[in-house]
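For the protein sequence lines, the chains are A and B, in the order given.
All the letters of the first sequence, read from the start, carry residue numbers 114 to 665 under the working numbering.
All the letters of the second sequence, read from the start, carry residue numbers 717 to 805 under the working numbering.
One structure is given below, encoded as structure tokens.
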Amino acid sequence: MPDSYDVIVIGAGFAGPVAAKLCADAGLKTLILERSENIGDKIVSGLTIPFYGFLFGPNFIRDGNPPFERPADGIINYIIKDIDKGDIEVDDTLKIPKPFSPIIAFGYNAYCKPFCQWEVKKALEAGVELRTSTTVIDIIKEEEKIVGLITDKDEKIKSKVIIDAEGSQGILAVKVGIRKKYPPEAISLADVYDYEMPKDKIDEVFGHSVKMCWGWDEQKIAPPLGHGNGLMVWPYRNSLHFMQDQSLRLDGKKVPNLRRKFDMYHENITKKLPWWKEKVDPHIKTRARLWQGFEIYVGLDRKLRNMANYTDGMILIGNAAGLESTELCDGVPAAWISAEIAAEVVIDAIKGKNYTKEFLKRYDERIKAHPLIKWSISGTNRYNLRFAQEKHDFKLLKKYIHDGWGLGTLTHVTTPLIQTGVSIISKDRTVLSKWIKMYFRYYQNWFYENFDYSKKSLYQGKLTKKLRFYQFLFKASLFSLDSVIEFSFKLRKIYKWLLIPCINSLNKALKIIFPLFELFYSLTLRISKSWADKYNNKLIKFVELSNPSLYN
Amino acid sequence: MVKTSKAFPGIEWVEISDYFIKIKEDQCTGCGQCINVCLGGCFVISDKKAKISSLEYCMECSACWYVCERNAIEFNWPKGGEGFKSEWG
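Now the structure itself:
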């Protein structure tokens with residue numbers, strides 16, 4: 114008699130453990146199969162997990178203390194006209210302004226391995242079983258329906274539903290015939306370097322910002338514009354991740370010699386880029402070099418985007434479903450959101466004993482209709498960079514970068530963000546205060562190196578009168594916030610008529626008034642600078658000294 | 717047995733018991749695209765066909781599988797616990 118489960122999840126990356134935990138929470142007998150010996154052995158990325166993953170993703174991550182390396186407060190873009198002459202323009206408009214940064218973060222930089230291990234730990238606590246060093250080699254079919262799988266140890270394991278979270282290759286999904294192999298144009302090969310660097314130097318050179326570099330193809334400092342990322346550097350606690358990535362094939366042309374090209378880009382940019390040469394290079398030590406492919410352009414192709422992510426008894430989530438973000442090259446929020454939706458659909462399927470593709474289709478419909486997933490996989494700014502290159506139009510290059518990784522992002526992200534936020538608020542009226550607590554808790558996590566208060570002399574558990582007052586103020590503000598939301602729910606009929614159409618047209622409205630908005634925004638920042646700096650220091654001091662229980 | 721490489725620090729390769737990448741020789745045209753995308757240098761051309769020289773430094777990225785126009789490359793995941801591992805992904 115083979116083992117039998119309600120749900121088997123293949124892969125313990127970012128998506129798999131979330132789906133598994135939620136299924137186990139609902140009482141389903143759930144198993145995770147992972148091909149590596151230790152969780153996270155085979156995950157490769159340079160990573161900022163954007164804030165919307167934490168706010169709109171699984172509750173247990175929002176309300177927990179996941180391990181991350183550094184809060185990120187935004188992106189600094191270096192747009193390189195001529196690297197030999199040092200002709201470089203900077204676009205650093207996509208940054209959380211003070212006094213909020215870095216507590217209200219743009220995202221959190223993380224090593225994948227400890228993060229996924231933390232997720233798996235949560236899944237195990239919920240009752241999920243885990244088998245590592247186990248590769249799935251095939252599925253078992255009965256009457257054309259998937260009813261289980263076969264592992265490399267020749268075990269046959271039965272399962273009512275299989276959730277495939279094996280990553281962008283989707284080897285099993287392709288084998289089973291759920292979807293086709295992605296074309297090489299859709300895949301970007303990421304070449305990642307991990308460098309050790311002392312924390313004080315990182316604080317000085319990077320602070321909390323991710324740095325990105327873009328340059329003309331003929332400068333030979335970065336992969337061709339529109340076919341990957343220029344160069345991205347993520348600051349971690351005591352280390353950096355450096356990544357360059359390029360599509361495997363450029364518009365049907367011959368496959369380039371990426372091995373030679375990546376070495377050339379890396380050599381050129383690290384030797385010529387002033388801030389790297391002078392401020393980073395003297396302080397770093399190479400610790401690792403890795404590479405992996407990511408399906409960044411799947412969402413831009415209608416045929417690929419519309420491929421099914423389900424069949425009888427099996428669904429695909431995360432990168433296996435092609436959900437890597439085009440613009441930010443980040444698949445984690447979409448992986449979490451798809452895992453949650455998958456778990457909800459699978460729980461219903463098992464309750465109703467209906468695992469047919471007709472039923473599981475609702476998973477696919479829901480992920481494809483999700484405003485944030487829709488936005489993240491179909492952003493065109495990265496793709497459009499190739500047109501700026503073709504015309505060699507620097508103004509156009511700056512515009513696409515500003516729209517993709519500068520303040521211009523607001524003209525396409527605002528509506529999906531608020532749509533998702535509002536739908537979550539309508540389900541949980543106290544979620545706003547949970548979000549704020551999350552930001553403050555995460556900052557304490559960062560400041561006290563994973564909540565190790567004992568190592569720091571600053572936190573003594575003693576409360577001054579002033580601090581006690583601020584803590585009271587914090588609690589009172591959250592209480593009032595929740596009350597306002599609760600009260601405004603009585604007016605929700607008005608929202609339906611007024612607010613929803615407003616939210617839906619926010620992107621368009623912003624596009625029209627954007628030059629004015631931007632002027633107003635930069636003026637406000639300039640005027641409020643001294644005030645913002647002062648309150649930023651106060652706010653940080655408050656989080657550092659306040660009682661951790663305030664944020665639970 | 718575990719191997720490391722000077723060219724690619726921070727990675728360990730656990731010895732594989734079976735080649736998880738296979739080349740169907742009759743379908744291979746020897747175009748060399750797999751060589752171009754393999755950062756680990758796993759392929760060589762001999763007798764106008766691609767051959768696997770070694771999977772010692774394979775990062776299992778499957779780029780070779782993606783770019784092969786003739787579908788001559790069969791890519792499977794290595795057996796459980798085998799292949800590359802790293803702390804720094």
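Note that the Cβ used here is the ideal one computed from N, Cα and C, for glycine as well.
Runs of the alpha helix (DSSP H) lying entirely within the stretch 127 to 173 of chain A and spanning at least 4 residues, in chain order: 129 to 138 and 164 to 169. Around the beta-carbon of residue 615/A, fewer than 16 other beta-carbon atoms lie within 10 Å, marking it exposed. Residue 771/B does not reach chain A, its nearest Cβ partner there being about 14 Å away, counting only Cβ pairs nearer than 8 Å. In the three-state reduction of the DSSP assignment, residue 255/A falls in the strand class, which pools E and B. In this chain, residue 219/A is not harboured by any alpha helix (DSSP H), its DSSP state being neither H nor E.
Under the three-state reduction of DSSP, residue 299/A is assigned to helix.
Identification of chain B residues near residue 253/A by a Cβ-Cβ cut-off of 8 Å yields none; the smallest Cβ-Cβ distance measures about 17 Å. A Cβ-Cβ separation of about 7 Å places residue 730/B in contact with residue 801/B under the 8 Å criterion. As the crow flies, the alpha-carbon of residue 189/A is around 23 Å from that of residue 648/A. For residue 124/A, the three-state secondary structure derived from DSSP is coil. Taking residue 152/A as the centre and dropping the five residues before and after it, the same chain places the C-beta of 125, 229, 230 and 233 closer than 6 Å to its C-beta, in chain order. Look at the beta carbons and you see the stretch 464 to 482 of chain A touching the stretch 412 to 427 of chain A: at least three pairs across the two are nearer than 8 Å. Along the stretch 206 to 228 of chain A, the positions whose C-beta sits under 8 Å from a C-beta of chain B are 224, 225 and 226, read in chain order. Separation of residue 352/A and residue 320/A (C-alpha to C-alpha, rounded to the nearest whole angstrom) is 13 Å. Of the other Cβ atoms in all chains shown, fewer than 16 fall within 10 Å of the Cβ of residue 604/A; this residue is therefore exposed. Interface residue (Cβ-Cβ distance to chain A less than 9 Å): residue 744/B is not classified as such.
Excluding residues up to 5 positions away in sequence, 515 lie with their Cβ nearer than 6 Å to the Cβ of residue 521/A in the same chain. In terms of beta-carbon proximity, residue 289/A stays away from the interface with chain B, with every pair separated by 9 Å or more. A residue is called buried when at least 16 other Cβ atoms come within 10 angstroms of its Cβ; residue 134/A meets this threshold and is buried.
Nearest CB-CB separation between residue 776/B and chain A: below the 9 Å threshold.
In the structure shown, the three-state DSSP call for residue 383/A is helix. Contacts between residue 370/A and chain B, judged by CB atoms closer than 7 Å, involve 752 in chain order. Three or more Cβ pairs drawn from the stretch 448 to 459 of chain A and the stretch 132 to 148 of chain A lie within less than 8 Å of each other, which places the two stretches in contact.
In the structure shown, residue 424/A falls within a strand segment according to DSSP collapsed to helix, strand and coil. Looking at the DSSP output, residue 262/A shares a beta bridge with 252/A and 270/A. With respect to chain B, the C-beta atom of residue 311/A has no partner C-beta closer than 9 Å. Two segments are said to touch when three or more pairs of C-beta atoms, one from each, lie closer than 8 Å; by this definition the stretch 535 to 544 of chain A touches the stretch 585 to 599 of chain A.
If the five residues before and after residue 215/A are omitted, its C-beta is found closer than 6 Å to the C-beta atoms of 184, 186 and 321, all from its own chain and listed in chain order.
Judged by DSSP secondary structure, residue 735/B falls outside any alpha helix (DSSP H); it is assigned neither H nor E. The shortest CA-to-CA distance from residue 496/A to any of 299/A, 368/A, 537/A and 289/A is the one to 299/A.
Annotated as proximal: residue 289/A and residue 427/A, with beta-carbon spacing under 9 Å. With 16 or more other Cβ atoms inside 10 Å of its own Cβ, residue 548/A counts as buried. For residue 226/A and residue 260/A, the gap between their C-alpha atoms comes out near 31 Å. DSSP places residue 645/A inside the alpha helix (DSSP H), whose first and last residues are 642 to 658.
Cβ-Cβ distances below 6 Å link residue 738/B to 790 in the same chain, with the five nearest sequence neighbours on each side left out; the list follows chain order. Contact between residue 162/A and residue 443/A holds: their C-beta atoms lie close to 7 Å from each other, under 8 Å.
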